[in-house]
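Its first residue numbered 144, the sequence shown is counted upward by one per residue in our numbering.
In what follows, a single structure is set out as structure tokens and then discussed.
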Amino acid sequence: LQLLHRLGAVATVLAVLTVWRASARCAGAASPVTRGALLWLGLLAIQFALGATIIWTNKAADVATAHVGVGALSLLTGTLLILVSRKLSVTKRVRSAQPVVPALVGSVAR
């Protein structure tokens, strides 16, 4: 079970790295999604350090609680990034569609 937990952590880090790289390429470094993904990577680094500290302190309750709390914060960060990227994607599609509609209407009326 512990090994599966650690493998899941590695998969999560790889997925978040992929999100960060993709958002940096597509939207640039100043994008809210890219900055949020960087924050998410920072949370995962803290999560890793807390997980190692749990092992070194023989499962100290305060460290384990912090580990769970940072995990919840990481989940919240990922969820917010999904919502923000969805909002930005819809806004971008709507803005790019607006100039096309008047052009089509004008060409039909002629």
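Backbone N, C-alpha and C fix where the C-beta goes; we use that ideal spot for every residue, glycine too.
Q | Any alpha helix (DSSP H) of 4 or more consecutive residues that is wholly inside the stretch 166-202 | A | 175-199
Q: Put L219 into one of helix, strand or coil per three-state DSSP.
A: The residue given as residue 219 occupies position 76 in the sequence shown. In the structure shown, L219 sits in a helix (DSSP, three-state: H, G or I).
Q.
Can you look up L144 in the DSSP assignment and give me helix, strand or coil?
A. Locating residue 144 in the sequence shown gives position 1, where the first residue counts as 1. In this structure, L144 counts as coil in the three-state DSSP scheme.
Q. By Cβ distance below 7 angstroms, which residues in the same chain neighbour L193 in space, the five residues on each side in sequence not counted?
A. Sequence index remark: in the sequence shown, residue 193 carries index 50 (1-based). Within the same chain, L193 has close Cβ partners V206, A209, H210, V213.
Q: Output yes or no for whether 9 angstroms exceeds the beta carbon distance between T161 and L186.
A: Residue mapping note: residue 161 aligns to position 18 of the sequence shown, counting from 1. Residue mapping note: residue 186 aligns to position 43 of the sequence shown, counting from 1. Not in contact: T161 and L186 (Cβ atoms no closer than 9 angstroms).
(Q) Considering only their Cβ atoms, is the gap separating S228 from V176 smaller than 9 angstroms? (A) In the sequence shown, the residue the question calls residue 176 occupies position 33. In the sequence shown, the residue the question calls residue 228 occupies position 85. Yes; because the gap between Cβ atoms is below 9 angstroms, this pair is in contact.
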